[in-house]
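Enquirer:
Residue numbers (my numbering): 4 to 135.
1. Excluding five sequence neighbours on each side, which residues of the same chain lie with their C-beta closer than 6 Å to the C-beta of residue 109?
2. Exposed or buried, residue 1, counting other C-beta atoms within 10 Å across all chains shown (16 or more means buried)?
3. The alpha helix (DSSP H) spanning residue 91 covers which residue range?
4. What are the boundary residues of the alpha helix (DSSP H) that residue 64 is part of?
5. At the level of alpha carbons, what is the spacing between residue 51 and residue 11?
6. Identify, in the order they occur along the chain, each residue of the same chain with its Cβ nearer than 7 Å to the Cβ of residue 53, setting aside the five sequence neighbours on each side.
7. Would you be able to state if there are at least three C-beta pairs under 8 Å between the region 85 to 92 and the region 21 to 35?
8. So, for residue 14: in the same chain, excluding its five sequence neighbours on each side, which residues have a beta-carbon less than 7 Å away from its beta-carbon?
9. According to DSSP, simplified to helix, strand and coil, what is residue 16?
10. With C-beta atoms as the reference, is residue 44 less than 8 Å away from residue 19?
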């Protein structure tokens, strides 16, 4: 089973944004990624991080992937518990739905920001934001 952890953030909300992603098989990290994404809101950054996570995951798995995030809003939108009302988020939501077609089964899990892998991706995005 392949897992992704992703996190996105913006300083100022909206403000300068960045994402951090890791792809892992259990506790073994297969790939780490981070980048600045320009001006964004926190929610846009979270979706962009998930999109990158799904793009990277498809290099490592075709069957199952579990996407782990600390954004309860995004997870609940993806599970159909919350509607996506914001037009910019709706575009990103649809992009995620399209990427889901690369996998037989996909799960979304909300975890605390204190999860060890979530702290790693949070550190990745903060390094990006700190580098001017």
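Heads up, the beta-carbon is just placed ideally off N, CA and C, and yes, glycines get one too. In this text, all values refer to a predicted model and were calculated from it rather than measured experimentally.
Expert: Here's the rundown:
1. So the list reads 68 and 103, once near-sequence residues are dropped.
2. Residue 1 lies beyond the stretch modelled for the chain, which goes from 4 to 135, so this question has no answer here.
3. If you look at residue 91, you'll find it in the alpha helix (DSSP H) that goes 90 to 103.
4. First-last for residue 64: undefined, no H or E at that position.
5. Cα-Cα distance, rounded: 7 Å.
6. Within the same chain, residue 53 has close Cβ partners 9, 70, 72, 77 and 99.
7. Taking 8 Å as the limit for Cβ pairs, the verdict is that the region 85 to 92 does not touch the region 21 to 35.
8. Sequence-distant partners of residue 14 (beyond 5 residues in either direction) whose C-beta falls short of 7 Å from its own C-beta, in its chain, are 132.
9. Per DSSP, reduced to three states, the secondary structure at residue 16 is coil, with no helix or strand assignment.
10. Their beta carbons are not under 8 Å apart, which means residue 44 does not touch residue 19 by this criterion.
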